[in-house]
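*Asks:* Quick one: structure below, then a few questions.
In our numbering, the protein residues as written are 76 to 282.
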């Protein structure tokens with residue numbers, strides 16, 4: 076009998092340890108509780124051409140020689156700025172997410188990460204699930220400004236996109252995306268150059 080009890084002791088210890096495991100509950104936006112950081116200045120030449128939201132709660136600047144495109148009402152109503160580079164191989168899109176996402180509720184439960192996930196889910200839905208996430212959602216700080224960034228690929232046409240989401244002090248959620256186009260698919264722009272353009276526009280955003 077004593078022998079059997081001794082054999083059971085490791086089992087009881089294991090069960091006891093397992094019952095004491097503490098799972099840390101994630102606090103929304105806790106990942107931004109880090110030291111003060113500033114994004115590097117744009118590494119590509121930027122113009123003084125301004126992108127502004129309807130409420131004026133965010134602005135950004137276009138890269139030099141980029142220009143606005145008139146979509147002629149052929150895009151969703153939440154998109155307020157579309158621009159392209161000189162050879163139409165890359166496109167910049169700014170869109171408002173507030174009307175499509177319950178921003179206060181998502182921020183309360185999941186933080187800015189929740190907004191980023193909803194943004195990606197919308198892209199998946201519009202592409203009939205042809206959009207594939209590349210890597211993970213990445214938090215970025217620029218002073219007091221907070222962003223979440225993610226990169227993706229449309230497997231139907233092998234086009235790459237990268238998106239940053241953010242929420243302004245007016246509680247408006249926005250996203251900006253840099254995407255390849257199928258009009259003139261880039262041949263000479265490396266992944267490094269693609270990221271430099273994206274990061275330069277990101278650094279120009281103010282809200």
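C-beta: ideal position from N, C-alpha, C; glycine also.
Would residue 17 be called buried (16 or more neighbouring beta carbons within 10 Å of its own) or exposed?
*Replies:* Past the boundaries of the shown model lies residue 17; the chain is included only from 76 to 282, so the question cannot be answered.
*Asks:* Quick check: the Cα distance between residue 277 and residue 239, rounded to an integer number of angstroms?
*Replies:* Counting from 1 along the chain shown, the entry for residue 277 is found at position 202. Counting from 1 along the chain shown, the entry for residue 239 is found at position 164. Roughly 8 Å separates the two Cα atoms.
*Asks:* Between which residues of its own chain and residue 95 is the CB-CB distance below 6 Å, once the five residues before and five after are set aside?
*Replies:* Counted from its first residue, the chain shown places residue 95 at position 20. Because the pLDDT at residue 95 is just 48, under 50, the model does not fix this residue reliably, and the value given afterwards should be weighed accordingly. No residues qualify anywhere along the chain.
*Asks:* In angstroms, rounded to a whole number, what distance separates the CA positions of residue 198 and residue 204?
*Replies:* For this step, residue 198 is matched to residue 123 along the chain shown. For this step, residue 204 is matched to residue 129 along the chain shown. Answer to the nearest angstrom: the Cα atoms are 8 Å apart.
*Asks:* Below 8 Å on the Cβ atoms is my contact criterion, and I expect residue 168 with residue 154 to pass it. Report the Cβ-Cβ distance as a whole number of Å.
*Replies:* As a first step, residue 168 must be located in the chain shown, where it is residue number 93. As a first step, residue 154 must be located in the chain shown, where it is residue number 79. Right, the Cβ-Cβ distance comes to about 6 Å (below 8 Å), so this counts as a contact.
*Asks:* How is residue 270 classed by DSSP in three states: helix, strand or coil?
*Replies:* Counting from 1 along the chain shown, the entry for residue 270 is found at position 195. Here residue 270 sits in helix by DSSP.
*Asks:* Compare the Cα-Cα distances from residue 212 to each of 174, 196, 185, 224 and report the closest residue.
*Replies:* Translated into positions along the chain shown, residue 212 becomes position 137. Taking each of 174, 196, 185, 224 in turn and checking the Cα distance to residue 212, the smallest one comes out for 224.
*Asks:* I'd like to know if the segment 219-238 and the segment 136-153 are in contact, where contact means that at least 3 CB-CB pairs between them fall below 8 Å.
*Replies:* no
*Asks:* So residue 264 and residue 122 are supposed to be a Cβ contact under 8 Å. How far apart are they, rounded?
*Replies:* Here the question's residue 264 lines up with position 189 in the chain shown. Here the question's residue 122 lines up with position 47 in the chain shown. Wrong, their Cβ atoms sit about 18 Å apart, outside the cutoff.
*Asks:* Can you tell which of 193, 215, 217, 159 has its C-alpha closest to the C-alpha of residue 145?
*Replies:* In the chain shown, residue 145 corresponds to position 70, counting from 1. It is 159 whose Cα lies nearest to the Cα of residue 145.
*Asks:* Determine the closest residue to residue 152 out of 135, 132, 134, 175, with distance taken between C-alpha atoms.
*Replies:* Sequence index remark: in the chain shown, residue 152 carries index 77 (1-based). It is 175 whose Cα lies nearest to the Cα of residue 152.
*Asks:* In whole angstroms, what is the alpha-carbon distance linking residue 111 and residue 218?
*Replies:* Along the chain shown, read from residue 1 onward, the residue named residue 111 stands at position 36. Along the chain shown, read from residue 1 onward, the residue named residue 218 stands at position 143. Residue 111 and residue 218: Cα-Cα distance of roughly 6 Å.
*Asks:* Grab me the residues of residue 252's own chain with a C-beta within less than 6 Å of its C-beta, minus the 5 sequence neighbours each way, in chain order.
*Replies:* Your numbering for residue 252 matches position 177 in the chain shown. Same-chain partners within the cutoff: 168, 236, 238.
*Asks:* Nearest CA to the CA of residue 178: which residue from 248, 135, 267, 209?
*Replies:* The count along the chain shown starts at 1 and reaches residue 178 at position 103. For the residues 248, 135, 267, 209, the minimum Cα distance to residue 178 belongs to 248.
*Asks:* The alpha helix (DSSP H) that contains residue 193, what's its start and end?
*Replies:* Here residue 193 is taken as the residue at index 118 of the chain shown, counted from 1. Here the alpha helix (DSSP H) through residue 193 covers 187-201.
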